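Q: Protein sequence lines correspond, in order, to chains A and B. Quick note: to get the working numbering, add 5 to the position in the first sequence (first position is 1). Quick note: to get the working numbering, add 73 to the position in the second sequence (first position is 1). For each residue, glycine too, the CB sits at the ideal point set by N, CA and C. Since this is a predicted model, take the numbers as computed values, not measurements.
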Amino acid sequence: MSGPSDFQPTNPVLRWIERRLPIFGLMHSSFVAYPTPRNLNYWWTFGAILSMMLAVQILTGVILAMHYTPHADLAFRSVELIMRDVNYGWMLRYMHASGASMFFIAVYIHMFRGLYYGSYKEPREVLWILGVIIYLLMMATGFLGYALPWGQMSFWGATVITNLFSAVPYFGESIVTLLWGGYAVGNPTLNRFFSLHYLLPFVIAGVVVLHVWALHVAGQNNPAGVEAKTEKDTVAFTPYATIKDLFGVSCFLIFFAYFLFYMPNYLMEADNYIPANPGVTPAHIVPEWYYLPFYAILRSIPNKLAGVVAMFSAILVLAFLPWLDSAKTRSSKYRPLAKQFFWMFVVVCVLLGYLGAQPPEGIYVIAGRILTVCYFAYFLIVLPLLSRIETPRPVPNSIADDVLAKTGRKAAPMVSAVIAIMVAGGLLVGGAQSAKAEGGEVAPPAQKWSFSGPFGKFDRSAVQRGLQVYKEVCATCHSLSFVAFRNLADPGGPGYSTAQAAAFASDYKIKDGPNDQGEMFERPGRPADYFPSPFPNEQAARAANGGAAPPDLSLITKARSYKRGFPWFVIDFFTQYQEQGPDYVTAILEGFEENPPAGVTIPEGSYYNKYFPGHAIKMPKPLSDGQVAYSDGSPTTVAQYAHDVTTFLMWTAEPHMEARKRLGLQVFVFLILFSVLMYFTKKKVWANAH
Amino acid sequence: MNPDAATIAAGAPIEVDLAPVAEGQDIKVFWRGKPIYISHRTKKQIDEARSVPLSSLPDPQTDEARVKSGHEQWLVVIGICTHLGCIPIAHEGNYDGFFCPCHGSQYDSSGRIRQGPAPANLAVPPYQFVSDTKIQIG
């Protein structure tokens, strides 16, 4: 691992290169001959998982950047067109977006592992600090990337976070102007965020090289926390660690694929499917789940500057960990008290994450303050104190002894750890979920959808009828600007032929031009045209509709949601329930009532709707029985119309859903087989090492 | 990385005609990408703003110092919450002023912070009256 390698390639060409640049020797000594402790458990595979995730993010990111337009007016649309028109664009984008969450899940497990087994202690301080730097860079990159789709959460998240810097005394305002490149978050901000978001991953990759280098100088820590002394304590990196890591990576990929193919929007905010609007603030601005604990610390402190300082200190305190905890025993396995406090700390972090997603009022504020104190107390009081008063249990003499002692007795602490982590993850995710827009007091009733579940498909005839309802009713006020006529013939859609789509398009008058005389003219629609909007611009739409502009419907079923609350978000993860949007849209269409209940007054020009937040909606009851004449004999009732048009709008929001679920099944079968193979290969390779 | 010349030029002063704004109404205009609230305050709102003892305010400032004398009915403030930059909603909250939906800050009819995490009053942009019914912001 250190010192010159004695590796000599046998191939003469490689030997020629090796004499001039000893790169094969470096690779061989770092990733083949490198000795790893033989008692490492699966928590140690997260290093490899993180390396893979970094590679995945960079690879998908570079391709996404080829199709993305970093301009305030075009960014949202370009992201949507990636989802719709780019080959496998939906997969690239979902991989990149949920990949960020996976990256953070892995890094948190990696960090907690380091915390539990004392991996930050002498001689690994620099290794640990480099890790903290990587974590900081990851947070910055994640934040910058989240701004790029330029949806409502992107815009307002960027506004809130950049405003943190205005808390700096004297220079605050100038720093914020420098970050914005203007007088508010706007196009220059988006441009620089894009540039930095492209830059930082490569900086991370550079620091990762230093991190791995430092690791290979100090050697890996291990669950026993004793240094490797003899040959018997270690095994060669390849094949032992390589195959174990591969098995870990393939298991993690199954977890990743579950989100990617079946729950791609589970960790995202519905509000981010609404284009950024500097004039409207979302009701709840919630950062991505991985920042929530720090957001909770920020908000629990009533003073702005102190809050910002506390938030950054909460991360920076990690860098001082090697000196705060001076206990000689590394692994918490042999520290009865430290072990207890470690799990309490994990719970504190999870609860802080939960609070970060709650509105800052009442009991949440008080709980947030108590937990903030607990968070800092762990580092500043508990760990320094424990290292002085705790009597650790005896550690094994060597790693080999640890391995021998372990055969027979096992698993119990591992299981509890797994459960704790799962609860932690569940709650965190739930925190993010429950923070989504509160959809009013009455939750929309759950409907039965043909497209729900892992094998869900769009009901073709429902999509076709929905298109008819949209065309005859909704289209008078609502645009559908992300859908082109050609999409009607796309696989996985309403199932029309190309000729039918072209005929459908030719019914429309599309504005084109200017012609040679410099004048705009109208012509019949072509398949490549998009559905024309009923109003020339948002102001016209607003003026014609009593001050409330009818929203574009292309993404409406993904842009609307309602609060599911505990414990539903946990159950939803396993049942793959993600039809909040469609349920809400149907409920709105059916929720109109002639006479509002007693005590509710509806302003002039508004209508009472049971499911609309605040109940006063500007849209008059759009559908009534018998309004649209169906040709296939389906009932012409409001319930049927609502169901059909929602099915259609789910297709417009997620046109490649069928392809996604189909590919998901194939990937799942492959990954499970691969993992099983890896598991048995690993068993075989390790058979003589145990 | 500071604002470029075009951005600065686009941030030049703007003129706003106040004639169509009836008493009790308010309008929102954008200047330098920021929403500016211009409220035509009622007598009640002005009295409320002026009767509050200064010592009870987190960021003490008189209502007189926040409006132009002779034009007391007009309140012009930058509609950006001084906490973390969200846009407060006019005519909401307990003080006849503004309410920020993000973290619950409440401002009174003079745009002064009364309750919640925001540290300061809503900022008053530089402006002057060009005529009785027209102001220039910037």
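1. Any idea which residues DSSP pairs Gly156(A) with across the strands?
2. Closest to His33(A) by CA distance: which of Asn44(A), Leu19(A) and Arg43(A) is it?
3. For a contact defined as C-beta to C-beta under 8 Å, what are the partners of Val165(A) on chain B?
4. Compare the Cα-Cα distances from Pro397(A) to each of Tyr369(A), Gly373(A), Thr580(A) and Ser337(A) and report the closest residue.
5. Determine the extent of the beta strand (DSSP E) in which Val240(A) is found, giving its start and end residues.
6. So Leu148(B) is in the beta strand (DSSP E); what residue range does that whole segment cover?
7. State the start and end residues of the unbroken beta strand (DSSP E) segment that holds Thr41(A).
8. Less than 7 Å separating the Cβ of Ala223(A) from some heavy atom of the ligand NAD?
9. Give the list of continuous beta strand (DSSP E) stretches no shorter than 3 residues that lie fully inside the stretch 170-257 of chain A.
10. Helix, strand or coil, according to DSSP, for Glu524(A) in the structure here?
11. Using a 10 Å radius around the Cβ and a threshold of 16 neighbouring Cβ atoms, would you call Tyr175(A) buried or exposed?
12. Rounded to whole angstroms, what's the CA-CA distance from Gln62(A) to Leu204(A)? Just pull it up for me.
13. Helix, strand or coil, according to DSSP, for Pro292(A) in the structure here?
14. Using a Cβ cut-off of 8 Å (strictly closer), state whether Gly84(B) contacts chain A.
15. Return the Cβ separation of Ala362(A) and Gly586(A) in integer angstroms, given the expectation that the two are a contact with Cβ distance under 8 Å.
16. Are the beta-carbon atoms of Ser255(A) and Ser680(A) separated by less than 8 Å?
17. My guess is that Tyr245(A) and Thr41(A) are in contact by the Cβ rule of under 8 Å, so how many angstroms apart are they, rounded?
18. To the nearest angstrom, how far is the alpha carbon of Gln134(B) from that of Ala196(B)?
19. Using the beta-carbon count (16 or more within 10 Å), is Arg123(B) buried or exposed?
20. Return the CA-CA distance between Gly119(A) and Tyr125(A), expressed in angstroms with no decimal places.
21. Got a sec? Which residues, its chain only, sit under 7 Å from Phe12(A) by beta carbon, not counting five neighbours each side?
22. Which of the three DSSP states is assigned to Gln583(A) in this structure?
23. Taking all protein chains shown into account, do 16 or more other C-beta atoms lie within 10 angstroms of the C-beta of Gln179(B), making it buried, or fewer, making it exposed?
24. Using the Cβ count rule (16 or more neighbours within 10 Å means buried), how would you classify Met273(A)?
25. Any beta-carbon of chain A closer than 8 Å to the one on Arg185(B)?
26. Listing by chain order, which chain A residues have their CB less than 8 Å from the CB of Gly106(B)?
27. Nearest by alpha-carbon distance to Leu376(A): which of Pro602(A), Ser305(A), Ser318(A) and Phe325(A) is it?
28. Less than 8 Å between CB atoms is the rule here; does Lys441(A) satisfy it with respect to chain B?
29. Asp42(B) by DSSP, collapsed to three states: which one?
30. Kindly say whether Pro618(A), judged by its beta-carbon, lies nearer than 8 Å to any beta-carbon of chain B.
31. Using the C-alpha atoms, what's the distance from Val370(A) back to Met525(A)?
32. What is the DSSP secondary structure of Phe701(A), reduced to helix, strand or coil?
33. Considering only DSSP beta bridges, list what Gln188(B) is partnered with.
34. Which one of Glu395(A), Leu149(A) and Val352(A) has the shortest CA to CA distance from Ala102(A)?
35. Would DSSP call Asn614(A) helix, strand or coil?
36. Closer than 8 Å, CB to CB, is Asn75(B) near chain A or not?
A: If we stick to the structure as given:
1. Pro280(A)
2. Leu19(A)
3. Leu157, Gly158, Cys159 and Cys175
4. Ser337(A)
5. Counting along the chain, the beta strand (DSSP E) containing Val240(A) begins and ends at Thr239 to Ala241.
6. Trp147 to Ile151
7. Its beta strand (DSSP E) spans residues Pro40 to Pro42.
8. Only the bare structure without any ligand can be found here, which leaves the ligand NAD out of the picture.
9. 239-241
10. When DSSP states are grouped into helix, strand and coil, Glu524(A) belongs to the coil group.
11. exposed
12. Spanning the two alpha carbons is a distance of roughly 13 Å.
13. coil
14. yes
15. In fact, because the Cβ distance is near 19 Å, the residues do not count as touching under 8 Å.
16. yes
17. 7 Å
18. In a straight line, the C-alpha of Gln134(B) is about 11 Å away from that of Ala196(B).
19. exposed
20. Gly119(A) and Tyr125(A) have their C-alpha atoms some 7 Å from each other.
21. Around Phe12(A): Phe29, Gly30, His33 and Ser34.
22. Of the three classes helix, strand and coil, the one that applies to Gln583(A) here is coil, per DSSP.
23. buried
24. Answer is buried; the Cβ neighbour count reaches 16.
25. Answer no: the Cβ-Cβ gap between Arg185(B) and chain A never drops below 8 Å.
26. Gly187, Tyr188, Ala189, Val190, Gly191 and Pro283
27. Ser305(A)
28. Per-residue confidence for Lys441(A) stands at a pLDDT of 43, beneath the threshold of 50, marking its modelled position as unreliable; the derived number appears in the next sentence. Taking Cβ atoms only, chain B never reaches closer than 8 Å to Lys441(A), which makes this a no.
29. Look at the range of chain B in this structure, 74 to 211, and you will see that residue 42(B) is not part of it.
30. no
31. 58 Å
32. Any question about residue 701(A) goes unanswered here, given that chain A covers just 6 to 695.
33. Gln179(B)
34. Leu149(A)
35. strand
36. Asn75(B) counts as touching chain A.
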